[in-house]
Amino acid sequence: MSLVMPTVVTSMQAVGMVNDHQTTCFRHKAVRDMARP
Numbered sequence: 001m002s003l004v005m006p007t008v009v010t011s012m013q014a015v016g017m018v019n020d021h022q023t024t025c026f027r028h029k030a031v032r033d034m035a036r037p
């Protein structure tokens, strides 16, 4: 699992499933607003 997890997490970030930006980051709101309701 330790070899696969970084790839899975990176893929989830790339397709927008995960917003890892801190709430103080300027990109957090923009990425959050792109999420589906």
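The end of the sequence shown is residue 37 by this note's numbering, with every number in the run present. Backbone N, C-alpha and C define an ideal beta-carbon position, used for all residues, glycine too. Here the structure is a predicted model, which means the values were calculated and not measured.
Proximity below 7 Å, CB of V31 to CB of H21: yes
Reduced DSSP category for P6 - H, G, I as helix; E, B as strand; rest coil: helix
Under the three-state reduction of DSSP, which class applies to R32: helix, strand or coil? helix
Nearest-angstrom Cα separation, counted from M12 out to L3: 16 Å
Using DSSP with H/G/I as helix, E/B as strand and the rest coil, what is M1? coil
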